[in-house]
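Protein chains in written order, with UniProt numbering: chain A, 1 to 468; chain B, 1 to 468.
Cβ atoms here follow ideal geometry from the backbone N, Cα and C, with glycine treated the same way.
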């Protein structure tokens, strides 16, 4: 095949995989229910090689699907229309740490946690911390605009991207941004590429802003016998003008699963848990954590604790950290969603999820980032049971509808991918879809870059929710 | 004229101005050397009226030029191709302060300083503080992605825009974003519109993120007998992991002008001044300001002071505040630029500006935001002297070239407008220009929205600098 020979010519034969086993390995990501084999898997070594691959894809009309570590939860990295999967395993270097301008320049294949550890060893801090960070790549984080636990206080990936090099669908390479706190030279191309899920080009080099590492951090925890009490505590923390570093939530079902898994001795009567962390200067951290715990108690928290050491903090955090693993053990298929609402609507949203699960007779438990309203309703199911899966799909449609009704969004940090594309219009309206299609068509007229993602063949009809 | 009658029909006759005097009043902004009268000036009252005006402009191929208070410094709000100037004087309301989600929703015509005062009276903080904030509108700030003194620590306007309503060139209205800390539902349309200088549509409603008001702030000042000592101090402040709220700079020439204007008793031997502010919790603020002053002294600062009261702080800040007014008094025409470099290159850039001014025999003094590398080389000249103006233009071309050479940008916070459009390619390259043109053409195929801005008929040839 001509295209394959050319591809081998660009990157060298050992860097193109086409065996059945290898194609199968890249036929899925972390999303249940999506699988499709690519025609080839390629590992380029440079921006220049990626530009050549892009031109080749343009000539042969081959889809190009960039992939980090495949932790995507919306089928964003499944090559659903075949084509070439682009890996960054040979572009995984930290290129420069600039201590004078507090930034780091990396290739896309660097593992997020490795970057975090590296900059922390230099007294600096890269705050975005998606739960997949031990596996995920920075390139994937940039393409998905990944969030994490620290979103409320520190923002998300896009807030740290200072400069990008990217290869466009026309084969041209652009540099956008710079080591600059301020730059208004034309349209914000950088923000357009961040979170575009690889549909507008391939990001090949990234400069990330760093900040000084906080001097100290402190962890507290509170258990509540009602969801509403936990929700009120979240609201009152914000009203007290405290912006915690993290403010994490687990519901009853998630805690049950964690307790079965880990025997941490979580209180049996708790309906909700809040894990609170603050970082910064010692006095302020002490004051904020104490005040958050006091607000929890005033709202009827039955049990509270503040960690007095790093080890104690690790113990308090262990339950929340294990939430997804603990839930995943219970049924063959786990579907983790990320409907997000204004933080004032947290308790309402969790209640809505409970009712939706009950009505559709599916098992959904919720944990997530209470501080920024980013919830992870997690469905435990079995993808082989088509009848149950239909109910699961209906339940998630209702969850997205509820999030939109409350002023929220269908995805806070996972992306749209192919899985959520039939719901995108619910959030951004037909005018928003039209504008996004105009952009995609203008930049990628042949639909080479990650086709089938973001834009659905048809939008799902909206569901009507029956509250109360 | 049919279009005029229709326009009057949309907004009511009293809200359309067409007298010669009125058209003359909107024929220029704060940029020297640009003037062109519009065909009409219109004051709509709602998003719906703006959508109707946009459709009218589309049918009659009339340029539509949105304008806040006309403080633009790059001719971004001059109707250089005629058409309709769109004012927001009837859309100037603060619509909602949401204390639970820490955000405020406003119409574009709200004056920036009024918004800041309003939210501060509620214990909240809107950090972006462009120098024009007493006159400028939030809508103008959003369209220009305005910066200010607090850019390094707090970011710029785009970092605070949570949601926008905008009317697109096709007459459709979109809502993008939400009261959400996390939202990855499709392309970041919000960031595309922020800083687009009105060339992709008209922003008609804005939701801005707020943060808790810092508990305290403290101001220090240091004078240096060499520019390099001031530059080294800036670098060492950052290297010490201090991120000051503001870190302002004035050169010798600016201080001379301020002293002539105000008789503050500034030291006569000083080559450079740094004004340092920190805000936050009391202990941390105290520590940071003391450490910054200590670093200044270690670098040979000849005079330092720390304000012990708000009044003293005001006195220390008075000189920097008066910089532009003091300089403007000296010659008939003042041209204020905003070349920006990585902060590590500050001293090099100021030296380059000095040499460029000397070589071209023009008077340029520099002040600006040292913390984020955003300098304001300010040329004192006379726009009636064409021979001198040619030298001024050459000097600024060389300044832009120097900024680019040092990894910087042609504009940190003022925008490109029409004035800097011939230099945009220097920053973003021909591929960047091509991509921006593709976006503009796709969204505004008839070039209705603020035509002639961003994209120049031709790019200036790059100049070659002779250093040393």
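Sequence-distant residues of the same chain with beta carbon closer than 7 angstroms to residue i, five excluded per side
i: residue 165 (chain B); result: 47, 173, 175, 204 and 205
i: residue 291 (chain A); result: 240 and 242
i: residue 327 (chain B); result: 254, 257, 334, 365, 378 and 380
i: residue 120 (chain B); result: 213
i: residue 376 (chain B); result: 336, 337, 338, 366, 367 and 368
i: residue 382 (chain B); result: 331, 332, 333 and 388
i: residue 3 (chain B); result: 56, 60 and 62
Buried versus exposed, by CB contacts within 10 Å (16 or more), residue i
i: residue 343 (chain B); result: buried
i: residue 122 (chain A); result: exposed
i: residue 307 (chain A); result: buried
i: residue 320 (chain A); result: buried
i: residue 437 (chain B); result: exposed
i: residue 451 (chain B); result: buried
i: residue 150 (chain A); result: buried
i: residue 19 (chain B); result: exposed
i: residue 201 (chain A); result: buried
i: residue 1 (chain B); result: exposed
i: residue 398 (chain A); result: buried
i: residue 298 (chain B); result: exposed
i: residue 387 (chain A); result: exposed
i: residue 362 (chain B); result: buried
i: residue 110 (chain A); result: buried
i: residue 464 (chain A); result: exposed
i: residue 117 (chain B); result: exposed
i: residue 199 (chain B); result: buried
i: residue 265 (chain B); result: exposed
Beta-carbon neighbours of residue i, restricted to chain A and to distances below 8 angstroms
i: residue 411 (chain B); result: 183, 184 and 185
i: residue 343 (chain B); result: 100, 101 and 181
i: residue 168 (chain B); result: 431 and 435
Listed by chain order, chain B residues near residue i by CB distance under 8 angstroms
i: residue 145 (chain A); result: 184 and 188
i: residue 294 (chain A); result: In chain order: nothing, as chain B lies at least about 17 angstroms away.
i: residue 372 (chain A); result: 180, 181 and 182
Contact set between residue i and chain A, taken where Cβ atoms lie within less than 9 angstroms
i: residue 478 (chain B); result: There is simply no residue 478 (chain B) to check, as chain B begins at 1 and stops at 468 in what is shown.
i: residue 195 (chain B); result: 184, 186, 187 and 188
Residues of its chain near residue i, where Cβ-Cβ distance is below 6 angstroms and the 5 sequence neighbours each way are ignored
i: residue 296 (chain B); result: 222, 233 and 304
i: residue 444 (chain B); result: 169
i: residue 8 (chain B); result: 16
i: residue 195 (chain B); result: 145
i: residue 211 (chain B); result: 125
i: residue 302 (chain B); result: 223 and 225
i: residue 207 (chain B); result: 103, 105, 162 and 163
i: residue 418 (chain B); result: 75, 80, 452 and 453
Partner residues on chain A for residue i, Cβ-Cβ distance less than 7 angstroms
i: residue 427 (chain B); result: 185
i: residue 281 (chain B); result: 281, 283 and 284
i: residue 264 (chain B); result: Correct list: empty, because the minimum Cβ distance to chain A is about 28 angstroms.
i: residue 424 (chain B); result: 185 and 186
i: residue 407 (chain B); result: 178 and 179
Chain B residues whose Cβ lies nearer than 7 angstroms to that of residue i
i: residue 174 (chain A); result: 429, 431, 432 and 435
i: residue 340 (chain A); result: 180, 182 and 183
i: residue 152 (chain A); result: 181
Spatial neighbours of residue i in its chain, beta-carbon cut-off 8 angstroms, leaving aside the 5 residues before and after
i: residue 96 (chain B); result: 104 and 105
i: residue 23 (chain A); result: 17, 37, 38, 39, 40 and 41
Assumed close pair residue i, residue j - CB separation to whole angstroms, cut-off 8 angstroms
i: residue 52 (chain B); j: residue 84 (chain B); result: Going by Cβ atoms, the distance from residue 52 (chain B) to residue 84 (chain B) rounds to 12 angstroms, so no, they are not a contact pair.
i: residue 88 (chain B); j: residue 108 (chain B); result: 5 angstroms
i: residue 158 (chain B); j: residue 191 (chain B); result: 6 angstroms
i: residue 74 (chain A); j: residue 415 (chain A); result: 5 angstroms
i: residue 147 (chain A); j: residue 412 (chain A); result: 6 angstroms
i: residue 186 (chain B); j: residue 428 (chain A); result: 6 angstroms
Under 9 angstroms by beta carbon: chain B residues contacting residue i
i: residue 235 (chain A); result: 100
i: residue 131 (chain A); result: Ordered by position in chain B, no residue passes the 9 angstroms Cβ test against residue 131 (chain A), which lies about 13 angstroms from the chain.
Take every Cβ of the region 153 to 163 of chain A, pair it with every Cβ of the region 122 to 140 of chain A, and state whether three or more of those distances are shorter than 8 angstroms.
yes
_With a threshold of 8 angstroms, are at least 3 pairs of Cβ atoms found where one atom belongs to the region 284 to 293 of chain B and the other to the region 405 to 417 of chain B?_
no
task = Spell out a yes or no on whether the region 253 to 269 of chain A and the region 311 to 326 of chain A are touching, meaning 3 or more CB-CB pairs, one atom from each, closer than 8 angstroms.
result = yes
* Could you tell me whether the region 18 to 35 of chain A touches the region 66 to 82 of chain A, where touching means 3 or more Cβ pairs closer than 8 angstroms? => yes
Kindly confirm or deny that the region 211 to 222 of chain A and the region 260 to 275 of chain A touch, where touching means at least three C-beta pairs closer than 8 angstroms. yes
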